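For the record, the sequence lines run as chains A and B. Add 238 to a position in the first sequence, counting from 1, and you land on the number used in the working numbering. Add 238 to a position in the second sequence, counting from 1, and you land on the number used in the working numbering. In this text, a Cβ means the ideal position worked out from N, Cα and C, and glycines have one as well. Please read all numbers here as calculations on a predicted model, not as lab measurements. Reviewing the structure listed below.
Number of protein chains: 2
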Amino acid sequence: MGFTHSMASYDIPRGYSAAGIYCGIKKVKKDLALIVSDTPATAAGVFTQNKVCAAPVVLCKENIAASGGIRAIIVNSGNANACTGNEGMLNARLMARAIAHEMHCDEREVLVSSTGVIGQQLPIKKIESAASDIVDLLATTSFTDAADAILTTDTFPKICSEKFSIGGGDVTIWGMAKGSGMIAPNMATMLGFLCTDARIGQSALQKMLSEITERTFNSITVDGDTSTNDMVLLLANGAASGTEITEQSDGFAVFSKHLETVCRGLAQMIVRDGEGASKFIEIRVKGADSNGDARIAAKAIANSNLVKTAIYGEDANWGRIAAAVGYSGIDFNPEAMEIWIGSVQVLKKGYHIDFDEAEAKKVLSEKDITIDVQLNGGAGEAAFWTCDLTKEYVNINASYRS
Amino acid sequence: MGFTHSMASYDIPRGYSAAGIYCGIKKVKKDLALIVSDTPATAAGVFTQNKVCAAPVVLCKENIAASGGIRAIIVNSGNANACTGNEGMLNARLMARAIAHEMHCDEREVLVSSTGVIGQQLPIKKIESAASDIVDLLATTSFTDAADAILTTDTFPKICSEKFSIGGGDVTIWGMAKGSGMIAPNMATMLGFLCTDARIGQSALQKMLSEITERTFNSITVDGDTSTNDMVLLLANGAASGTEITEQSDGFAVFSKHLETVCRGLAQMIVRDGEGASKFIEIRVKGADSNGDARIAAKAIANSNLVKTAIYGEDANWGRIAAAVGYSGIDFNPEAMEIWIGSVQVLKKGYHIDFDEAEAKKVLSEKDITIDVQLNGGAGEAAFWTCDLTKEYVNINASYRS
C-alpha cells in the first residue's frame, strides 16, 4: 500500500490526470484542484446527512443521477459554499460550467466540491478566471498538487493508493482526502476523492462505496460534529480494460478489499491529523449482539470527551470507557465486560480490577493507543478511530474564524 | 426563590432534619450526608439510564418499589460504588442497615446514594463507624452541612427552595444537588435530593418528578457523558397537613410549577459549576415541528464541542450552530432558520447574513450567553443549558484520577 504524507511514491490509475493551483480564495496556499478522466467514468458518491448541506453536495447528487458518465471533479478550498442559498447554488453550477467549457464537455459531466468557511458567497469570478490555467496544467499532471489544493487546516496532504491484479490484469485505486472532523474555525468538511481504472457498473460501484464508507470514513470522529459539506466521490473509467466487475463476479470481493484499504488508510490519516491531536486511538469492540451494536458502543467511546481527555493525560481511566459503553444504548451484560488498553487488561469479568498502573502508564505514553472492549455476548464486532482531546483543540477552535 | 451558593438563607419543609460529616472516605472534606423525615415519606425517584449502573441505584429502585414509606436518604461522596459487583451491592445494603439500626427503622426505609471514584470498593467500615455520629447530629440539624457533604469536584454547594401557598396552607420544597455532567477524574454523578412537606400520593409524585426532570436535570449537559450513578430523589412527608395533592386536584399544577422552579434552579447551578466552565449558555429552540424535535436540536447544539469552544473564544460562529441543528436528525427547512446570539441576529431567513461583529463580540463577552434558534416551522419549543468547553476542562480531566 502506498501510504504517504507528501511526495512519497504512489500508483496512479490509467486514464486520469490532475492539477492543483492557487486562484486567490485563500491567502497564499493552493486552493483549486482538478481531477480529470480521459473518458466518461462511472461515478459513485456518499454525502453528508446534515440537513444543512452545501450547494456542491446538491449539485453532485444531481449530476451523478443524471449523467451517463463523469469527466471531472473540481474542488476549491477556503470557502465551503454552505448556507449560501440560491446564489450559492448558482455559483456551484457556474463552477462546473467553467471547467466544462475549457474541457469541451457537458457541465453535467463535472462534479463540484467546496470546503472552507461557511456562510460566505464563493468568489466565483476567481474560479472562472483560473479555469483555463488549471485545465492547461493537466498536461504536466500532478496528483500531489491536487491533494495539496484541497486542504484547509490539515497539516499534511492525505494520499493513499493500491495496485493489484484482478482477472489477470492490473488495476489501480488512488485516493486523496482532507479532514479532520468538521474541523477548524467555521471550516467544514471531510472530503475524499478516489479514482480507479477498473471497469465497474454504477450500481456495483455505489454499493461498494456505501458499504465501505460505513466501515472507514464513517468510523472516524474528531469532535463528533458532522459537517455540511462531507462527501466521498469515486470514479471508475475502465481504462484498465479488464472485464467488467459486477456484483456477481469474483473481482467484486477483490476490488472491495483493496478499495477498503485505500479508504481506511485515508480515514486514519484524517484522524492522525485531527485538530490538536497528540494521539491516534483505535477502538475495537467485540462480543456484541451484532456488528451494529458493536459500532454504537465503539462510537460512544470514540465521542466521549472524558475518554479522549484521559488518553491525552495518559490516564488508564477504564471507568470512563465502561460508562460510555453503558450509556451507548446497546444491550449487554456489564458483569461480563472486559477492557484492555494496549496489552494491559484493565477490567476483568465481574468488575475484577487488578492491573499494574505503571505498565498501563507505559502503554499510554505511546503515540498510537488501542482500546479493546470484549462484551462476551454475541459475535458482533466493529472498529472506530479517533484522536485525543487536547488543550490545543480548544485553542484552535476558540481563537478565530478565518 | 432561595437561590444560594453557600450559607445564604433558604426555607426548610417541616418534619425533616439533616446532617453532614467527615467519615474518612475523602482526604479532608465532608463526605457523608443524611436527610431524615420524622415520619415515613412518599418517595419518587428518577435514575441513570446507563446500563453500567451503580449498586445504590439498584437498591433505591428496590426500596422505593417495596417500601410503604421512606425515612432517610444516606449519601456518601468520594466513592461511587459503581462497577463493584456483588460486594458493592452488599455494601450498599450494609450502608442502609447501619443507618436503619441507629434510627430504629426498617432498612428498606433508607435510600442510599454514592458519588466519587468508579471501580473501587466502598470503605463500608468507615460509614458503619460514622452512622451513630451522623444520626446524633440530626439534633442540631444542618441542611447546609448535608449539601456540602455530597460534593466532589464541585466548587460550591447547590441549594434551592420554594415556599408557597397551596389550598390555603404553606408548603415548602427544598432541594440540594451536585454536578456537573459526568464530571471529574473518574468521578461520577449528577445527584439531586428534594424534600417537601406537601402531602402527595406516590404515583402523582413520580409523574411530576419524571416530567419535570426531563425539562430540568435532563436538559443540561457539561460534556455529554451520562454517569453511572445519576439519581434525583424526592420525599413528601405530608407534615404541612394540607389536603392531599392528587393528579386531579388544583394543587397539582401549583406544586408542579414550584417543583420545576427548584429543579431548574439546581440544574442551572450544576451547569454554572461545570468543570472548567467560564460561561453559562442557555439554548432556546422555537418553531420546531414538536417540543421533542426542538429538544433534539437544542441538545445537539449544547453537546457540540465546536459551538462550546466558539463561545469560550467569544466568536459569533453561527455556522457551527446551524450545522449542529442540521445534523441533529430533525426535519426542518434550513432556508427558514434564524439565529440570535444574545440580542444580535446573526442569521436571517434565506441564509441572509448581515450583523455587526463588534456588537456580537460585546454580547459574547458576557458571562451568561443566550442562543436563540427560530426554525419558523411548527409550535415546538425547548430549552437546554450548558457551559463552554475550555482549556481548563481538558486540564481537569486529563491530569489525574483521585
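Below 8 Å, can you find three or more Cβ-Cβ pairs linking the stretch 319-329 of chain B to the stretch 439-454 of chain B?
-> At 8 Å Cβ cutoff, the stretches do not touch.
Spatially closest choice to residue 322 of chain A from B:560, B:399, B:509, B:570, by CA coordinates | From the listed residues B:560, B:399, B:509, B:570, the smallest Cα separation to residue 322 of chain A is found for B:560.
What are the residues that DSSP puts in a beta bridge with residue 608 of chain B?
-> Paired residue(s): B:520.
Return the residue from the list A:316, A:606, A:282, A:484 that minimises the CA-CA distance to residue 405 of chain A.
-> Taking only the C-alpha atoms, the option nearest residue 405 of chain A is A:484.
So which of B:596, B:564, B:392, B:623 has the shortest CA-CA distance to residue 292 of chain A?
-> If we check each option's Cα against that of residue 292 of chain A, B:564 comes out closest.
Any chain A beta carbon closer than 9 Å to residue 287 of chain B = Residue 287 of chain B counts as touching chain A.
Would residue 443 of chain B pass as a contact of residue 280 of chain B if the rule is Cβ separation under 9 Å?
-> Cβ distance < 9 Å, so residue 443 of chain B and residue 280 of chain B count as in contact.
Are the stretch 247-264 of chain B and the stretch 361-370 of chain B touching, with three or more C-beta to C-beta distances below 8 Å?
-> Flag = yes, the stretch 247-264 of chain B and the stretch 361-370 of chain B touch.
Would you tell me roughly how many angstroms separate the C-alpha atoms of residue 638 of chain B and residue 551 of chain A, rounded to the nearest one?
-> A caution first: residue 638 of chain B carries a pLDDT of 44, below 50, which makes its placement in the model too unreliable to give a value.
Residue 605 of chain B versus residue 515 of chain B: straight-line alpha-carbon distance, rounded = The alpha-carbon atoms of residue 605 of chain B and residue 515 of chain B are separated by roughly 10 Å.
Extent of the continuous beta strand (DSSP E) to which residue 641 of chain A belongs = No answer is possible for residue 641 of chain A: the residues shown for chain A start at 239 and end at 640.
Within the stretch 298-349 of chain B, note down every full beta strand (DSSP E) run reaching 3 residues or more, in order along the chain.
-> Annotation note: the stretch 298-349 of chain B contains the following uninterrupted beta strand (DSSP E) runs of length 3 or greater, listed N- to C-terminal: 308-317.
Taking all protein chains shown into account, do 16 or more other C-beta atoms lie within 10 angstroms of the C-beta of residue 626 of chain A, making it buried, or fewer, making it exposed?
-> Buried: at least 16 other Cβ atoms inside 10 Å.
Take residue 523 of chain A as the anchor and find which of A:401, A:314, A:621, A:253 has the nearest alpha-carbon.
-> Comparing Cα-Cα distances from residue 523 of chain A to each of A:401, A:314, A:621, A:253, the minimum goes to A:621.
Taking only beta-carbon positions, decide if residue 627 of chain A is within less than 9 Å of chain B.
-> So, interface residue.
State yes or no: is the beta carbon of residue 298 of chain B nearer than 9 Å to at least one beta carbon in chain A?
-> Residue 298 of chain B does not count as touching chain A.
According to DSSP, which residues form a beta bridge with residue 255 of chain A?
-> Residue pairing for residue 255 of chain A: DSSP places it in a beta bridge opposite A:274.
Of the choices B:340, B:263, B:308, whose alpha-carbon is the least far from that of residue 314 of chain B?
-> Distance check between residue 314 of chain B and each of B:340, B:263, B:308 places B:263 closest, using alpha-carbon atoms only.
Cα-Cα separation, residue 338 of chain B to residue 348 of chain B | For residue 338 of chain B and residue 348 of chain B, the distance between alpha carbons rounds to 7 Å.
Per-residue burial, residue 595 of chain B [other beta carbons within 10 Å of its own, 16 or more giving buried] | Exposed is the label assigned to residue 595 of chain B, since fewer than 16 other Cβ atoms lie within 10 Å of its Cβ.
Say the cut is 8 Å; is the CB of residue 406 of chain A nearer than that to a heavy atom of the ligand PLP?
-> The model on display carries no ligand, and the ligand PLP is accordingly not part of it.
So residue 373 of chain A and residue 298 of chain A are in contact, right, with Cβ under 8 Å, and what is the actual spacing, rounded?
-> Incorrect: roughly 20 Å between the Cβ atoms, too far for contact.
Can you name the start and end residues of the beta strand (DSSP E) that residue 469 of chain A belongs to?
-> First-last of the beta strand (DSSP E) with residue 469 of chain A: 469-474.
Verify whether the separation of the beta carbon atoms of residue 393 of chain B and residue 521 of chain B is less than 9 Å.
-> No, the pair does not count as a contact, with Cβ atoms beyond the cut-off.
Which residues in chain E sit within 7 Å of residue 572 of chain B, going by Cβ to Cβ distance?
-> No chain E appears in this structure, whose protein chains are A and B.
Mind pulling the alpha helix (DSSP H) runs of 4 or more residues that sit fully within the stretch 353-435 of chain A?
-> Listed in chain order, they are 362-375, 381-387.
Taking Cβ positions only, does residue 671 of chain B come closer than 9 Å to chain A?
-> Chain B is shown only over 239 to 640; residue 671 of chain B falls outside these bounds and no answer can be derived.
Continuous alpha helix (DSSP H) stretch holding residue 447 of chain B: start and end = Taken as a continuous stretch (DSSP letters only), the alpha helix (DSSP H) holding residue 447 of chain B covers 440-453.
Assess, as a yes-or-no matter, whether the stretch 474-492 of chain B is touched by the stretch 269-279 of chain B under the definition of 3 or more beta carbon pairs within less than 8 Å.
-> Yes, the stretch 269-279 of chain B touches the stretch 474-492 of chain B.
Under the rule that 16 or more other beta-carbon atoms within 10 Å means buried, what is residue 287 of chain A, buried or exposed?
-> Exposed, because fewer than 16 other Cβ atoms sit within 10 Å of the Cβ of residue 287 of chain A.
Cross-chain neighbours of residue 563 of chain A in chain B, by beta carbon under 8 Å = In chain order: 289, 290.
Residue 583 of chain B in three-state terms, based on DSSP = In this structure, residue 583 of chain B counts as strand in the three-state DSSP scheme.
Go through its chain and collect everything with a Cβ distance to residue 588 of chain A's Cβ below 7 Å, but skip five positions before and after it.
-> Its chain contains 573 as the residues whose beta carbon lies nearer than 7 Å to that of residue 588 of chain A, once the 5 sequence neighbours on both sides are disregarded; these appear in chain order.
Buried or exposed (CB count within 10 angstroms, at least 16 for buried), residue 410 of chain A = Buried, because 16 or more other Cβ atoms sit within 10 Å of the Cβ of residue 410 of chain A.
Cα separation between residue 619 of chain A and residue 529 of chain A?
-> Take the alpha-carbon of residue 619 of chain A and the one of residue 529 of chain A: they are about 5 Å apart.
Alpha carbon of residue 569 of chain B to alpha carbon of residue 438 of chain A, nearest angstrom = So the two alpha carbons sit approximately 35 Å from each other.
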